[in-house]
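If you count the sequence shown from 1, position 225 lands on 224 in numbering that gives the first Met the number 0, and the numbers rise without skipping.
See below for the structure under consideration.
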Amino acid sequence: MAVRLPRLGRRRALLSAGAGALALALLLWWLLPMGGDESPRGRVTFATGVPTGVYETYGKMLRRDLARDLPGLHVTLQHSKGSPDNVRRLAEGRATFAIAASDAVAAYQEQGGVHADRLRACARLYDDYMQLVVAKGSKVRSARDLKGLRVGVGEDDSGVQLIAKSLLKAAGLDMDRDVHAVRKGIDQMPALLKAGKLDAFFWSGGLPTTAVRTLAHDFPIRLVQLGDLIGPLHRQGGVTRYYRAASVPADAYEDMGQQDAIKTIAVPNLLVTTDRVDPALAEAVTRTVIENRDRIGVKVHAAQKVDLRTAIFTDPLDLHAGAARYYRSVKP
0 MAVRLPRLGR RRALLSAGAG ALALALLLWW LLPMGGDESP RGRVTFATGV
50 PTGVYETYGK MLRRDLARDL PGLHVTLQHS KGSPDNVRRL AEGRATFAIA
100 ASDAVAAYQE QGGVHADRLR ACARLYDDYM QLVVAKGSKV RSARDLKGLR
150 VGVGEDDSGV QLIAKSLLKA AGLDMDRDVH AVRKGIDQMP ALLKAGKLDA
200 FFWSGGLPTT AVRTLAHDFP IRLVQLGDLI GPLHRQGGVT RYYRAASVPA
250 DAYEDMGQQD AIKTIAVPNL LVTTDRVDPA LAEAVTRTVI ENRDRIGVKV
300 HAAQKVDLRT AIFTDPLDLH AGAARYYRSV KP
């Protein structure tokens, strides 16, 4: 025999069923893509660097292009001290993506950093060039001439300081004993040099770096060659294997009036993430990085060096599964 619900009971049942259907519809609307759009959505954090550095400018340009390519993704930029700081933020889960130099990644791994095994790469980007900046009238002609001088070596936990310490050692100098090390970032070192409070400063960045270019426009400076240090640098072993001989083109900073290229060292930069990141998100971000190289390169000239043929060489990190999927999809 059929059970007849009281009129009020039937009404409540219908209302409950309707409310349940509405809740289910809202849940499906949130979880499932609409109109076939399967692009990632949500919030991600991108660790960059100091405000006047190339990492920061690159991050801003990439955020612009991600907003266009992945409208459901909200990207927050996070200032940092540089590569070592960025690697730690990623490993500890405080950032989703970051730019970091290969030597800083390798150093974190070799030091047994927390969750170092979870780090993954999306792409090899462009190279950072080590730049030793002095006033044009300075007597400094090589890193060996820095003994006893006030030298900007970058902030603690920065990629600049990581390389500067090794370069000074290659020149026979101890950063803590043989020079007056000033631990400031690129956002402060140019002003200190201009004010006569520094004799020289090291900087590692893409070419050209805005802060150095601005200083060259306002104050007579030049770059000091570092090419003679590549041999003793490599003999130190460890992460120095990621440094290669390179040259800063004479026209990298037009206001310097350099006549010749300056021999120096360079280190590759990587777009880094962790294995916690969903493959679909890593794939989409990698696609935006590669496909928008020229757009980003308008503001970040170094980004024009991003190349599909070299992007997969991300030593010391394995490619993220999502990034690898992207590269397979565009393989000729």
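Ideal placement from N, C-alpha and C gives every residue a C-beta, glycine not left out.
Pairwise C-alpha distance: D217 and R140: 22 Å
Per-residue DSSP class, three states only, for K193: helix
Identity of the residues DSSP links to L269 by a beta bridge: A99 and R123
In DSSP terms, what Q130 is bridged to: W202
Assigned secondary structure, S165 (DSSP; H/G/I helix, E/B strand, else coil): Secondary structure at S165: helix, using DSSP grouped into helix, strand and coil.
Where the beta strand (DSSP E) through I220 begins and ends: I220 to V223
Nearest-angstrom beta carbon gap, D156 and G84 [assumed within contact, 8 Å]: Note on residue identity: the sequence assigns Asp, not Gly, to residue 84. Yes, they are in contact, since the Cβ atoms of D84 and D156 sit about 5 Å apart, within 8 Å.
Contacting residues, own chain, Cβ-Cβ under 7 Å from G226 (five flanking each side not counted): For G226, where only same-chain residues beyond five positions count, the Cβ hits under 7 Å are A244, K262 and T263.
C-alpha distance - K298 paired with R234, whole-angstrom precision: 37 Å
Coarse secondary structure for L280, derived from DSSP in three states: Under the three-state reduction of DSSP, L280 is assigned to helix.
Range of the contiguous alpha helix (DSSP H) that encloses G151: For G151, no alpha helix (DSSP H) encloses it; the enclosing beta strand (DSSP E) starts and ends at R149 to G151.
Closest by C-alpha distance to K146, when choosing among L307, Q160, S137 and D177: D177
For V329, three-class secondary structure by DSSP: coil
Beta strand (DSSP E) segment containing T247, residue limits: Note that residue 247 is Val in the sequence shown, not Thr. Here the beta strand (DSSP E) through V247 covers R243 to V247.
Between the CA atoms of V238 and R143 - distance to the nearest angstrom: Spanning the two alpha carbons is a distance of roughly 22 Å.
Cβ-Cβ distance between G205 and V53 below 7 Å: yes
P219 classed as buried or exposed, judged by whether at least 16 other C-beta atoms fall within 10 angstroms: exposed
Own chain residues within Cβ distance below 8 Å of E91, not counting five before or after: V113 and H114
Cβ neighbour criterion (16 or more within 10 Å) applied to V43: Here V43 is buried: its Cβ has 16 or more other Cβ atoms, across all protein chains shown, within 10 Å.
Beta-carbon spacing of P189, L214 below 7 Å: yes
Per DSSP, the bridge partner or partners of V178: Looking at the DSSP output, V178 sits in no beta bridge, so it has no partner there.
Helix, strand or coil at H73 [DSSP, three-state]: strand
Burial state of T75, where buried means 16 or more other Cβ atoms lie within 10 Å: exposed
Cα-Cα separation, K183 to K330: 44 Å
Where V297 sits in the DSSP three-state scheme: coil
Integer-rounded CB distance, given that F201 should sit under 8 Å from Q129: Residue 129 is actually Met in this sequence, not Gln. About 7 Å; that satisfies the 8 Å criterion.
Three-way DSSP call (helix, strand, coil) for I289 in this model: helix
The segment 306 to 321 touching the segment 151 to 166, judged by at least three CB pairs closer than 8 Å: no
Proximity below 7 Å, CB of A386 to CB of L269: A query on residue 386 cannot be resolved here, the shown segment of the chain reaching from 0 to 331 and no further.
E109, buried or exposed, once every other Cβ within 10 Å from all chains shown has been counted against 16: exposed
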